[in-house]
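In the working numbering, the protein residues as written are 613 to 1109.
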């Protein structure tokens, strides 16, 4: 899922339909009526008929014992690799395969999870008896200002194909995250202040429902399902097998990064948060507080949809207020080259080979800038040297993100000025316990200054009141949608609605 922007994140210590025009979608299914609240009792089969499922699929069904299975079972967060041993992984080739898997799981009463890129922070898309792998649903079809995207399309692959047509979608900087996982939870990224969240550009979806039916929804057909998918769609209402999105111009970008000495860190963060939030919408920025065993450091970076002269003019007040920087980088490049550079990749192929690691993460939204006391507590926490390497990352919001009403989509976090992510990673063969403790301590340190909400794409298994934290005032409406579209909880996981 977006859009982590720290360089320590998942990407570093971690057949496209080229040029084909979109054809009109077939007539959408009639609006659904709520299902009965109680399923008819019926005998349950003795055990899953994996052979029968394999025979019914176009794509392969991977079972334990094969080399391909061993590679496919691993989540991006290797902290959860030991329990990621599904009985089968269905490499779906189309929506019919997905529907067959849903009906199979329902018939045999087994848990399953849909996986677009395997980036679920908590590993929940890889630890069920059946994993419905959507990586093969990776087409990118462009027609003017719209595109149809497969749910398993890696983000950098989508960027590259869209850029061939001079367009893009607002999204993050993790190159291997699957498009559906990103979009259905919101989707923060480098053009969000200019173009909105990823989910704000979604104008339609093809979905496999709990009974195996394949439907298409948009603002007019099944509008309640369409509303719920945009911000709460991961694992709650159905399996999305295609997204129709509105595209935006892929213009030249200026990427930048500045760093400061540690004694200047407090002033830098204080001034940065006000500067970044009030900057023009075409500028997106984040601030990193790095906590490493050998010491702490800070830097700020970002992307401007524009040239380097404009960037230097915009950032001059920040630099004047914060004093001397220890390093500065400013580079203007075409859109795709900028995305590659920002993620540290030479080319698209190398981006898709990024490795995995064990990590823990948490998040907060903030409705007000961090006061002096909060900045001080944050920096004192980061300066405590421990066994885990971590980053406390702050992204400035505002712009197009905040102009959307909180109830226009299921993504409720529309009034915040900052989004934080607390991320700690280390090699998978080391004890992960220090990661969990560090993130929990970071979360506890910053909680008094937050609004209590958290980003649903940064799944945190330790979050107590996650329903309110993720969905806020949209929760009652989402619960009604869950009762209507999945009354038997076919789609279920530890933080399912």
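Cβ coordinates follow ideal geometry from the N, Cα and C atoms, glycine included.
This one's a predicted model, so the numbers in the text were calculated from it and none came from an experiment.
Measure the C-alpha to C-alpha separation of residue i and residue j and round it to an integer number of angstroms.
i            : j            : result
residue 965  : residue 729  : 13 Å
residue 758  : residue 854  : 13 Å
residue 1071 : residue 1047 : 15 Å
residue 716  : residue 852  : 17 Å
residue 700  : residue 919  : 50 Å
residue 1058 : residue 1075 : 14 Å
residue 1018 : residue 861  : 26 Å
residue 793  : residue 765  : 10 Å
residue 643  : residue 1022 : Unreliable placement is indicated for residue 643, whose pLDDT of 32 sits below 50; the coordinate value is still reported in the next sentence. So the two alpha carbons sit approximately 19 Å from each other.
residue 828  : residue 981  : 41 Å
residue 1092 : residue 1098 : 10 Å
residue 1090 : residue 848  : 9 Å
residue 1060 : residue 845  : 29 Å
residue 1029 : residue 922  : 23 Å
residue 1024 : residue 678  : 43 Å
residue 818  : residue 1042 : 41 Å
residue 1064 : residue 899  : 20 Å
residue 1106 : residue 936  : 48 Å
residue 807  : residue 775  : 16 Å
residue 1108 : residue 797  : 13 Å
residue 822  : residue 841  : 14 Å
Residue i: which of the options sits nearest, CA to CA?
i            : options               : result
residue 992  : 910, 942, 1025, 938   : 910
residue 926  : 892, 957, 1054        : 892
residue 914  : 856, 1007, 902        : 1007
residue 1067 : 1085, 885, 799, 664   : 799
residue 814  : 859, 827, 836, 689    : 859
residue 720  : 676, 1043, 1102       : 1102
residue 901  : 1004, 1028, 696, 1090 : 1004
residue 805  : 1012, 1020, 1045      : 1012
residue 684  : 738, 667, 691, 723    : 738
residue 660  : 723, 704, 687         : 723
residue 783  : 776, 777, 770         : 770
residue 856  : 756, 1079, 1087, 995  : 756
residue 989  : 947, 834, 869, 1055   : 1055
residue 942  : 907, 878, 865, 872    : 865
Would you grab the beta carbon distance between residue i and residue j for me? Rounded to a whole angstrom, and I think it's under 8 Å.
i            : j            : result
residue 743  : residue 725  : 6 Å
residue 968  : residue 1032 : Going by Cβ atoms, the distance from residue 968 to residue 1032 rounds to 23 Å, so no, they are not a contact pair.
residue 912  : residue 874  : No, residue 912 and residue 874 are not in contact; Cβ-Cβ is about 14 Å, not under 8 Å.
residue 971  : residue 689  : 6 Å
residue 1002 : residue 954  : Actually they are not in contact, since the Cβ atoms of residue 1002 and residue 954 sit about 21 Å apart, beyond 8 Å.
residue 749  : residue 767  : Actually they are not in contact, since the Cβ atoms of residue 749 and residue 767 sit about 15 Å apart, beyond 8 Å.
Tell me which residue opens and which closes the beta strand (DSSP E) that residue i is part of.
i            : result
residue 865  : 865 to 872
residue 1036 : 1030 to 1038
residue 1014 : No beta strand (DSSP E) holds residue 1014; the alpha helix (DSSP H) holding it covers 1012 to 1015.
residue 829  : 826 to 829
residue 974  : 970 to 978
residue 965  : That residue, residue 965, is in no beta strand (DSSP E); it is neither H nor E in DSSP.
residue 991  : Looking at the DSSP string, residue 991 is not in any beta strand (DSSP E); the run it does join, the alpha helix (DSSP H), is 984 to 995.
residue 853  : 851 to 858
Can you tell me where the alpha helix (DSSP H) holding residue i begins and where it ends?
i            : result
residue 714  : 707 to 720
residue 1053 : 1045 to 1058
residue 1092 : 1087 to 1097
residue 890  : 877 to 890
residue 837  : 835 to 844
residue 1001 : Per DSSP, residue 1001 belongs to no alpha helix (DSSP H); it is in the beta strand (DSSP E), 1001 to 1008.
Could you tell me if the beta carbon of residue i falls within a distance shorter than 7 Å of some heavy atom in the ligand ZN?
i           : result
residue 791 : Annotation note on the ligand ZN: not contained in the displayed structure, which lists no ligands.
Where in the segment 733 to 819 do unbroken runs of the alpha helix (DSSP H), each at least 4 residues long, occur, reported from the N-terminal end onward? Note on the segment 733 to 819: whole alpha helix (DSSP H) runs with a minimum of 4 residues are 767 to 775, 791 to 796, 804 to 807, in chain order.
Quick check for students: name the residue ranges of the alpha helix (DSSP H) that lie wholly in the segment 902 to 956, counting only runs of 4 or more. Fully enclosed alpha helix (DSSP H) runs of no fewer than 4 residues occupy 920 to 934, 947 to 954 of the segment 902 to 956, in order along the chain.
List, from N- to C-terminal side, the alpha helix (DSSP H) runs of 4 residues or more that fit wholly inside the segment 671 to 710. Within the segment 671 to 710, the complete alpha helix (DSSP H) segments of 4 residues or longer fall at 679 to 684, listed in chain order.
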